[in-house]
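Only one structure is covered here, and it is reproduced in the block below.
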Amino acid sequence: MSELVANIVGSAAAVCSITSFAPQGVKIWKEKDASAVSLKTYGLTVTCFILWVIYGVMTEAWPVTIANACALAMASGVLFMKWRFRDNGPRVAKS
Numbered sequence: 001m002s003e004l005v006a007n008i009v010g011s012a013a014a015v016c017s018i019t020s021f022a023p024q025g026v027k028i029w030k031e032k033d034a035s036a037v038s039l040k041t042y043g044l045t046v047t048c049f050i051l052w053v054i055y056g057v058m059t060e061a062w063p064v065t066i067a068n069a070c071a072l073a074m075a076s077g078v079l080f081m082k083w084r085f086r087d088n089g090p091r092v093a094k095s
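Quick note on numbering: UniProt numbering labels position 67 of the sequence shown as 67, and the sequence is numbered without any gaps.
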């Protein structure tokens, strides 16, 4: 496989990983409600990206480091909003 094709595939994967958090982040921000977001899932996702960034730095794999650092920022934003809007979820009427 040519290096160009590999770089195109890797770049496309990085863009998809980074932007995949945008719709969730925009939705939370507009609605000021993160009740549907799983704290455990995003906690694990952020941990995963932290580990990938560390791996990238340790191996000097800068494309891995940069792509995962950007994805980490996006996922951290969602996790922050989960914390920030934690009390603004849907209210259940008490009987």
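Where is the CB? At the ideal position from N, CA and C, for every residue including glycine.
Would you mind reading off the limits of the alpha helix (DSSP H) that contains residue i?
i	result
Ala36	Here Ala36 belongs to no alpha helix (DSSP H), and DSSP marks it neither H nor E.
In the structure shown, what three-state DSSP assignment does residue i receive?
i	result
Met81	helix
Ala61	coil
Met1	coil
Phe21	coil
Assuming residue i contacts residue j (C-beta within less than 8 Å), just tell me the rounded distance between them.
i	j	result
residue 138	Lys82	Here the chain has residues from 1 to 95 only, and residue 138 is not among them.
Arg86	Ala36	Rounded, the Cβ-Cβ distance is 12 Å, inconsistent with contact.
Ala6	Ala67	About 14 Å separates the two Cβ atoms, so there is no contact after all.
Exposed or buried, what is residue i when buried is set at 16 or more other beta-carbons lying within 10 Å of its beta-carbon?
i	result
Thr59	exposed
Val53	buried
residue 97	Absent from the structure is residue 97, since the part of the chain shown begins at 1 and ends at 95.
Output yes or no for whether 8 Å exceeds the beta carbon distance between residue i and residue j.
i	j	result
Leu79	Ile50	no
Thr45	Ala75	yes
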